[in-house]
Every structure is written in structure tokens, then in C-alpha cells.
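The UniProt record's numbering applies: residue 1 is where the sequence shown begins, and numbers increase by one. Note that the Cβ used here is the ideal one computed from N, Cα and C, for glycine as well. Being a predicted model, the structure only gives us computed values, none of them experimental. Please read the structure below before turning to the comments.
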Amino acid sequence: MKKILIADDDRSILTLLSYHFRQNDFEVTTADDGKKAYDKARKNPFDLILLDLMMPEFSGIEVTKKLRKEGNFTPILILTARDDDEMKLTGLSAGSDEYLDKTTPMKEIIVRANALIRRSQMYNDVPKNSVSTDNNKPTSLITDRMEIDFVKKEVTFDGKILDLTKREFEILELLAERQGEVVSREELLKHFWGISESAETRTIDVLISKIRKKLDNRYIKTKRGFGYYFEENEA
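See the structure below:
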């Protein structure tokens, strides 16, 4: 059974979320403030952590930052009543994997939660010190200023290892592996979150913006109206 930690200081929302996740075969642990959520996440293994943005003690973003700093990469989904791009950018930048408005239908929240868990399991199933047995897939990609190590899941830029979130690395990895091929926002949403609603493509734009900033605005290009592609050789 999948294990989820749900944290919200609103008792009615906490009860509602807990009920629906239990109905969908989750083992639910709850917390009513950020500190309790942080303590429970440190002491117990979970398949997913669902955090309210604004909580007493620690906010959802603060909990996320603390866990990521300690090397805890359990998928984190942040729920908030503040549906604006700036807060979404802050949440994703902190290391959360998904950021949803509390008005999102419960069915969709659960679909996205399951998609995050599946993606995390696929990522963790790849041996970190193994050599690829697929002769058609390279173990690394090297450009003039960057090296992507597909085995170690690391990106080195100008001689320094970049601090990428897991999702940022996954998006860069996918684009690099399909070098020169335009990948639509909808396809990226479908691949990583299990959804393809065009209304949610801003999530992809935010993540791409963060990756570009870390790469000095190189390599990831936009084909307006279509999507993004990776270009190794810069003019």
C-alpha cells in the first residue's frame, strides 16, 4: 500500500484529503503544522508528501527546502489557495514536484499524486553506479561547457556540478536524449505528471525558465507555438 503524509492546519481539509486518499488505497499519516510534518517526514518513509503552503511553524516551502537539503527526495506536492505564477515558481524552485490550487478536483489531485509516485519509482529503479546496457543510449552527453551524466544523474556546467532538482534534471535529460526534436509542453506534462491539459503548461514554462537560468540561457530553445528542443551546438 502506498504511504502518504498529508499536512494542513485546516482540520476540515485535512479530513477531506485523508478520506479520499484512503478510499484510493493509500495509508495516510497526517500533521496539522509544518514542524510536525517535517519531523514525521524525517523519521518515516513515505511514497508521497502532500503539504499545505501556509502552515504554522514551517510553511510547505520551508518543509520542502529542509527535506531536500537533507537529501530527502520523496515526491512533494504542495496545495495552496494562492494560485499565482510567482508562488508556483517559488514552490518548484524549492524542490517540490507539483504545485496545485486547492480548487483542483479531488480526482485530479489523486491522479497527479499517483503519477508522481510512478515517476519517482521509475527514477529510483535506475542503478546509480551502473553502466547502460542499451547500446543505443549514451551514458553521457558532453558539449562545449556542459556534461550531462545520465548514469549519475548529474550535470556539470563550466566545471561545477549544478544544483538541479530531480524534475529539472529529468526534463533536461529528456530534451537532451531527443536532441533537435521539438517536444510540446503537453507531451512533457503527460510524460512527467500523467496529464496533458493545456491550462497547466505554465508549470513547464516555469521549470524550463529555471533550467535555462542555471545553464546561462544555453542549449534549451523554444519553437514558438510548438514547444522546446535541445540544441547542443551554439552559434
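Work out the CA separation of residue j and residue i for me, nearest whole Å.
{"i": "A31", "j": "L174", "result": "36 angstroms"}
{"i": "L67", "j": "A37", "result": "10 angstroms"}
{"i": "E70", "j": "D47", "result": "17 angstroms"}
{"i": "I4", "j": "T104", "result": "18 angstroms"}
{"i": "K2", "j": "I204", "result": "27 angstroms"}
{"i": "G60", "j": "M54", "result": "6 angstroms"}
{"i": "D25", "j": "E147", "result": "41 angstroms"}
{"i": "G225", "j": "F192", "result": "20 angstroms"}
{"i": "S12", "j": "H20", "result": "13 angstroms"}
{"i": "D10", "j": "A81", "result": "12 angstroms"}
{"i": "K223", "j": "E177", "result": "18 angstroms"}
{"i": "E181", "j": "L141", "result": "16 angstroms"}
{"i": "E168", "j": "S96", "result": "11 angstroms"}
{"i": "D149", "j": "T156", "result": "8 angstroms"}
{"i": "M106", "j": "I49", "result": "16 angstroms"}
{"i": "L188", "j": "I208", "result": "11 angstroms"}
{"i": "K152", "j": "I220", "result": "21 angstroms"}
{"i": "T139", "j": "K65", "result": "30 angstroms"}
{"i": "F58", "j": "P45", "result": "20 angstroms"}
Can you list, in chain order, the residues of its chain with a C-beta nearer than 8 angstroms to that of residue i? Leave out the 5 residues immediately preceding and following it.
{"i": "V183", "result": "L174, L175, G227, Y228 and Y229"}
{"i": "R185", "result": "S198, T201, I204, D205, G227 and Y228"}
{"i": "L16", "result": "M106"}
Out of the options, which one is the CA nearest neighbour of residue i?
{"i": "D33", "options": "L51, S120 and T139", "result": "L51"}
{"i": "K190", "options": "L79, T80 and R112", "result": "R112"}
{"i": "K102", "options": "G95, E154, A115 and I78", "result": "I78"}
{"i": "R218", "options": "E181, K65, I117 and L172", "result": "L172"}
{"i": "T201", "options": "K65, E57 and E98", "result": "E98"}
{"i": "L116", "options": "E170, K221 and F150", "result": "E170"}
{"i": "K210", "options": "K152, A94 and R185", "result": "A94"}
Ignore the nearest five residues each way along the sequence and tell me which others in residue i's own chain have a CB closer than 6 angstroms to its CB.
{"i": "R22", "result": "V28"}
{"i": "D158", "result": "R145"}
{"i": "residue 323", "result": "It is not possible to answer for residue 323, since the shown part of the chain is limited to 1 through 235."}
Considering only residues of the same chain and omitting the five flanking positions on each side of residue i, which have a CB-CB separation below 7 angstroms?
{"i": "Q179", "result": "F230 and E232"}
{"i": "I109", "result": "L100"}
{"i": "S120", "result": "P75"}
{"i": "E62", "result": "G34"}
{"i": "S18", "result": "I6, V28 and T30"}
{"i": "E154", "result": "I161"}
{"i": "P56", "result": "D9, D33 and G34"}
For the alpha helix (DSSP H) holding residue i, just list the boundary residues, first then last.
{"i": "T203", "result": "R202 to K214"}
{"i": "F169", "result": "K166 to E177"}
{"i": "S12", "result": "R11 to Q23"}
{"i": "D39", "result": "G34 to K43"}
Looking at the secondary structure, which residues open and close the beta strand (DSSP E) in which residue i lies?
{"i": "K3", "result": "K2 to A7"}
{"i": "T64", "result": "First-last for T64: G60 to K69, but that is the alpha helix (DSSP H), not the beta strand (DSSP E)."}
{"i": "G95", "result": "Note, G95: premise wrong, no beta strand (DSSP E); not H, not E."}
{"i": "G227", "result": "G227 to F230"}
{"i": "D52", "result": "L48 to D52"}
{"i": "D149", "result": "M146 to D149"}
{"i": "V155", "result": "E154 to F157"}
{"i": "S184", "result": "First-last for S184: undefined, no H or E at that position."}
{"i": "K221", "result": "I220 to K223"}
{"i": "L77", "result": "I76 to T80"}
Hey, is residue i close to the ligand ADP, as in C-beta under 7 angstroms from one of its heavy atoms?
{"i": "L50", "result": "Among the ligands in the structure shown, none appear at all, so the ligand ADP cannot be discussed."}
Q. Can you find at least 3 beta carbon pairs, one from the segment 39 to 50 and one from the segment 70 to 81, that sit closer than 8 angstroms?
A. yes
Q.
Under 8 angstroms: do the segment 156 to 165 and the segment 214 to 222 share three or more Cβ pairs, one atom per stretch?
A. yes
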